[in-house]
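See structure below.
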Amino acid sequence: RREEDHWRLDIAELRELISPRTRLIFLCNPSNPTGQILTAPELNEIARIAAEVGAYLLCDEVYAGLEWAGDRVPAIAGLYERGISTGSVSKALGLQGLRLGWLICRDKSLLFDAVILRENSSEIMNVMGERIAEIALREDRYAAAIARAKTEGRHNLALLDEFISQRPELSWQRPPAGLIGLARLHLPINSDELARRLLAPPYKTFLLPGSAYGYPDHIRLGVGGGSAVNLPLGLSRLAQCLDDLAAAQGQ
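Residue 166 in the numbering used here sits at position 166 of the sequence shown; the count goes up by one each step and never skips.
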């Protein structure tokens, strides 16, 4: 994905990477860390590419439901017979403490293998957590939770958008979905150095450098946590760090 292409996936480039030896194609839709969305036509095209070599197509859909315009992204499990959809209660529902998710696939043999793998890796499950998740995923409760998450997410994204617009050291393309995005640094230092400085006093703020995703000149900014998150404090510390960097350059 390239910023100049609005972080859209280059499907032609993806096709060139696929060979008869390819067994699995992994995607994240909406994307982490850009928030970009793959549309139904794009997913169908990727599914055709996967079908040509008999590959599975796994799509992490953990941010689905947090699209800021248009419909919810389609589940790949419903578009392709070897499509695998994964999700969890951690993002839109804010129940990351439960450590629960799901896998959906029409391939029964793969589902059986997944069950065996889960039982061998985590034999004792969080029964109470499963009960809580089942309640949270009931249609009426889920709809209410998503509506609240979207309201709070829009508010926090607006705060972040305004902050970036006022900082010449930063620019970004607002994510069309999800609660995270990549911002480009217009600084003489890279994202690793900025992240290290932010961790130290007086800022004491964690920020994920874009180098973790192969974009050393970007930083990942997130606004998850709903209304309880102290976003203004985090932004003020980032602003202080950027101001101190500017002052040091002027010396």
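Glycine residues also receive a C-beta, built at the ideal position from the N, C-alpha and C atoms.
Quantities reported herein were computed from a predicted structural model and do not represent experimental measurements.
Do residue j and residue i have their beta-carbon atoms positioned less than 8 Å apart in this structure?
i: residue 103; j: residue 129; result: no
i: residue 164; j: residue 147; result: no
i: residue 235; j: residue 169; result: no
i: residue 32; j: residue 132; result: no
i: residue 177; j: residue 68; result: yes
i: residue 93; j: residue 47; result: no
i: residue 50; j: residue 82; result: yes
i: residue 111; j: residue 73; result: no
i: residue 224; j: residue 217; result: no
i: residue 58; j: residue 86; result: yes
i: residue 208; j: residue 156; result: no
i: residue 106; j: residue 77; result: yes
i: residue 205; j: residue 237; result: yes
i: residue 25; j: residue 55; result: yes
i: residue 194; j: residue 219; result: yes
i: residue 95; j: residue 136; result: yes
i: residue 126; j: residue 98; result: yes
On the DSSP bridge assignment, give the partners of residue i in chain order.
i: residue 26; result: 58
i: residue 225; result: DSSP, once it has assigned bridges, lists no residue as partnering residue 225.
i: residue 258; result: What the structure shows of the chain is the stretch from 1 to 251, and residue 258 is not part of that stretch, so it cannot be assessed.
i: residue 209; result: 219
i: residue 88; result: 101
i: residue 184; result: 171 and 218
Check the C-beta distance from residue i over to residue j and give it rounded, since I have them as a contact under 8 Å.
i: residue 52; j: residue 75; result: Between residue 75 and residue 52 the Cβ distance is about 21 Å, and since that is not below 8 Å, they are no contact.
i: residue 44; j: residue 66; result: Not confirmed; about 22 Å, so no contact.
With residue i as the anchor, note down where its alpha helix (DSSP H) starts and where it stops.
i: residue 2; result: No alpha helix (DSSP H) holds residue 2; DSSP gives it neither H nor E.
i: residue 234; result: 231-250
i: residue 191; result: 191-199
i: residue 67; result: Looking at the DSSP string, residue 67 is not in any alpha helix (DSSP H), and its letter there is neither H nor E.
i: residue 15; result: 11-17
CB of residue i to nearest heavy atom of the ligand GDP: below 7 Å?
i: residue 161; result: Questions concerning the ligand GDP fall outside what the structure shown contains, since it holds no ligand whatsoever.
Any beta strand (DSSP E) of 3 or more consecutive residues that is wholly inside the region 93-180:
101-105 and 170-172
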